[in-house]
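Asker: Start counting the sequence shown at 616; every next residue gets the next number (our numbering).
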Amino acid sequence: MIENQQQTIKTWFDKTYLTRGEMYLRPKEAYYIFAELLQIKPDAKFLDVACGLGRMLEIGLDYKAECSGVDISSVAVEKAKLKLPEAVIVEANAEALPFDDNMFDFVTCLGSLERMLDKDKVLQDIKRVTTADSRICFMVRNSNSWRWLFTKKLFFAVNKKGHQDAKNYQQWKTLFEQQQLEIISCIPDQWPIMRILQILTFGKFTGYKNKQNSFTPLQYANEFIFILKKN
């Protein structure tokens with residue numbers, strides 16, 4: 616059953632990356648904030664889990680980090696490897712990362728944990744491959760957001776083939792704490808705010824590396840950005 620579900624998810628992402636490509640992703644400038652929140656350093660070892668076409672890996676390379684990425688989609692991995700030959704990119708399930716223990720200083724997993732079948736196993740393996748003083752960033756969907764409650768749930772627009780899911784703040788907090796991950800900070804997803812600022816400044820907005828004040832209370836944000844460390 617689980618294997619069938621996993622294959623369905625992989626097939627959906629393979630098809631999505633084949634047909635939509637980079638149109639499925641946010642633009643590169645939307646990813647700088649994650650590197651800033653993590654404070655990625657030159658020569659640090661950085662891993663992006665569910666790296667897709669490599670947007671976050673591009674940012675990691677801009678910060679002079681040693682970059683690795685994994686994704687379940689063979690299509691995404693092939694495209695990312697062609698685009699970013701400097702990075703180590705492999706096809707793998709996040710529940711069984713193909714890396715040594717205590718290897719990475721920084722990890723991101725953006726908009727993907729909610730789609731994974733065994734979240735506890737994913738978190739355990741991310742903990743395994745990270746150093747004692749590592750920093751981990753998750754961007755995860757909020758089930759209390761207006762977008763999820765009305766657009767997705769009320770109008771039955773949840774993508775079941777891609778295993779689209781969501782949790783509220785307390786549920787995510789509990790999940791992380793059960794795996795001995797301590798929350799350093801949690802802020803609303805920054806990209807919706809930045810898009811509004813782009814419009815208000817007639818395209819002159821340049822503060823992509825800076826945290827912006829949200830117009831929406833945290834509990835109603837579309838997505839949360841968690842920065843975590845190991846206990």
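From the three backbone atoms N, C-alpha and C, an ideal C-beta is built for every residue, glycine too.
(1) Taking the CB atoms as reference points, tell me whether K844 and Q794 lie closer together than 8 Å.
(2) Using a 10 Å radius around the Cβ and a threshold of 16 neighbouring Cβ atoms, would you call W806 buried or exposed?
(3) Considering Cα atoms alone, identify which of C752, F839 and R730 is closest to T623.
(4) My parser needs the alpha helix (DSSP H) runs of 4 or more residues fully inside the region 681 to 767; what are they?
(5) Mapping DSSP to helix, strand and coil, what is L668?
(6) Given this structure, state the Cα-to-Cα distance separating E706 from S688, to the nearest angstrom.
(7) Could you work out which residue in I814, D804 and T831 is closest to I648 when comparing CA atoms only?
(8) Which residues mark the beginning and the end of the alpha helix (DSSP H) in which L843 is found?
(9) Let me know the secondary structure DSSP gives G777 once reduced to three states.
(10) Should the region 750 to 757 be called in touch with the region 642 to 660, which here means at least 3 C-beta pairs below 8 Å?
(11) Taking the continuous beta strand (DSSP E) assigned at P803, which residues delimit it?
(12) Touching or not, the region 818 to 825 and the region 721 to 730, by the rule of three or more beta carbon pairs under 8 Å?
(13) Just the Cα atoms here: how many angstroms apart are Q786 and V755?
(14) If we count the other Cβ atoms within 10 Å of its Cβ and call it buried at 16 or more, is S800 buried or exposed?
(15) Apply the 10 Å Cβ neighbour rule to R851 and answer buried if 16 or more other Cβ atoms are within range, or exposed otherwise.
Answerer: Concretely, from the data shown:
(1) no
(2) buried
(3) R730
(4) 689 to 698 and 734 to 744
(5) coil
(6) 7 Å
(7) D804
(8) From DSSP, L843 is part of no alpha helix (DSSP H) but of the beta strand (DSSP E) over E838 to K845.
(9) At G777 the pLDDT is 49, less than 50, meaning the model places this residue with poor confidence and gives no usable figure here.
(10) yes
(11) L796 to P803
(12) no
(13) 11 Å
(14) exposed
(15) Past the edges of the chain, shown from 616 to 846, lies residue 851, and the structure says nothing about it.
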